[in-house]
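Q: The structure under discussion is supplied below as C-alpha cells; questions concerning it will follow.
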Amino acid sequence: MGVWGLSWDALNHHVYLGFFSESPRWHLDVNAASIQSWQYPYLYWPVFRLTQLPIDGATAGAAWAIFLCCLMVPPLWVITYGLLPAQAGVWQAVWERSAACALGLLSLVVLSAIGTTANDPLSVVPLLWALALMSMPEPDNRRVAVSGAFWGMACAFKISNALSLPLLLVWWWRGPGLTFPLCRGWALGFGATAGFGLAYAPWGWQLWVQTGNPFFPFFQSVFGG
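Residues 178 to 402, numbered by the working numbering, are exactly what the sequence shown covers, in order.
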C-alpha cells in the first residue's frame with residue numbers, strides 16, 4: 178500500500194509520452210515506446226508530472242481520481258440537466274441527475290482509467306462537452322459550431338473518437354422537420370475542422386518536420402515520408 182507500482186506499459190508508454198510532450202527527444206530516442214511513440218503525447222503530461230511529485234502511490238491515485246472527476250462531472254451534469262428536466266419536482270430532478278452522473282462515472286472506461294491509462298478519459302472530455310451543448314433545447318448555429326469544435330478536439334486527442342461521427346449528422350438534422358439546414362451544416366463542418374486543426378497542429382507539425390507525414394505512421398501512401 179502506498180508504493181508506486183509502474184508496469185512496463187505505464188513507464189515506457191504513459192510516463193514516457195508525458196516526458197516526451199514536455200521535452201521532445203527526436204534526436205535521442207528511436208521508437209522508445211514502440212509504435213506508440215507516434216501517438217498524440219500531450220494528454221499523458223499530467224501523469225508524468227504526477228510521477229515526479231514527492232508523494233506516495235495511494236495519494237497519487239486519489240489525486241488522479243479527483244482530477245478526472247473534476248473534469249468529467251461538469252459536462253455529465255449539463256447532459257443530465259438537458260435530458261432529465263424537472264417534471265416531478267426540483268428535488269426529484271436533483272436526485273435523478275445525481276444518479277445519472279454517478280452511473281456515467283461507473284463505466285469500465287472511467288474505473289479502469291484510474292489505475293491504467295491517461296489519455297482515454299481525458300480525450301473524451303471535449304466529446305462530453307459537445308454532447309452537453311447539444312443536449313440543450315433549441316440549438317443555434319453558434320452552439321453547433323462550438324459543439325463541432327469540441328468533437329474535432331476529441332478526435333485530435335484520440336482518433337478512435339471519430340467513431341462518434343454519426344453524432345454530427347444527428348446534430349445537423351436536429352430540429353423541426355426532416356431537413357438538414359445548410360447554414361447549420363457549414364457551422365458544424367467549420368467547427369469540427371477548426372477544433373481538430375488547432376488541437377492537432379502542435380503534434381502534427383512535429384511529425385511533418387520529422388517524417389514528412391503529419392499522421393505518421395498512417396496515410397503513408399498519401400504523404401510518403
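Every residue, glycine too, gets a C-beta built ideally from N, C-alpha and C.
Assuming W348 and S324 make a contact with CB atoms under 8 angstroms, what is their CB distance in whole Å?
A: With a Cβ gap of about 6 angstroms, W348 and S324 count as contacting.
Q: Could you compute how far the alpha carbon of F373 sits from the alpha carbon of A326?
A: Rounded to the nearest angstrom, the two C-alpha atoms are 7 angstroms apart.
Q: Measure the C-alpha to C-alpha separation of A237 and H204 and round it to an integer number of angstroms.
A: Between A237 and H204, the C-alpha separation is close to 32 angstroms.
Q: Could you pull the start and end residues of the alpha helix (DSSP H) that A326 belongs to?
A: Run containing A326: N318 to F334, per the alpha helix (DSSP H) assignment.
Q: Hey, does D297 have any beta-carbon neighbour from chain B nearer than 8 angstroms?
A: No chain B is present in this structure, which holds just one protein chain.
Q: Just verifying my parser: in three-state terms, what is the DSSP assignment at F418?
A: No statement about residue 418 is possible, as the shown extent of the chain runs from 178 to 402 and does not include it.
Q: Measuring alpha carbon to alpha carbon, tell me which of A322, S337 and A378 ends up nearest G362.
A: Of the listed residues, the one whose Cα sits closest to G362 is A322.
Q: Can you look up L280 in the DSSP assignment and give me helix, strand or coil?
A: Here L280 sits in helix by DSSP.
Q: Which residue comes first and which comes last in the alpha helix (DSSP H) that contains F373?
A: Run containing F373: L359 to T388, per the alpha helix (DSSP H) assignment.
Q: State the Cα-Cα distance for the pair Q213 and A263, rounded to the nearest angstrom.
A: About 46 angstroms.
Q: Please state whether the Cβ-Cβ distance between Q216 and L194 is less than 8 angstroms.
A: It is a contact, given that the beta carbons lie within the stated cut-off.
Q: Can the beta-carbon of L245 be found less than 8 angstroms from the beta-carbon of P303?
A: No, the Cβ-Cβ distance between L245 and P303 is not below 8 angstroms.
Q: Label A279 either buried or exposed according to how many other C-beta atoms from any shown protein chain fall within 10 Å of its C-beta, with 16 as the threshold for buried.
A: Its Cβ having fewer than 16 others within 10 Å, A279 is exposed.
Q: Quick check on DSSP: helix, strand or coil for E315?
A: DSSP places E315 in coil when its eight states are reduced to three.
Q: Just the Cα atoms here: how many angstroms apart are I336 and P394?
A: One C-alpha to the other measures close to 13 angstroms.
Q: Between A376 and A309, which are expected to be in contact by the criterion C-beta below 8 angstroms, what is the C-beta distance as a whole number of angstroms?
A: Contact doesn't hold; Cβ gap of about 18 angstroms is too wide.
Q: Return the residue from the list S300, G381, L230 and G266 that minimises the CA-CA distance to S341.
A: Taking only the C-alpha atoms, the option nearest S341 is S300.
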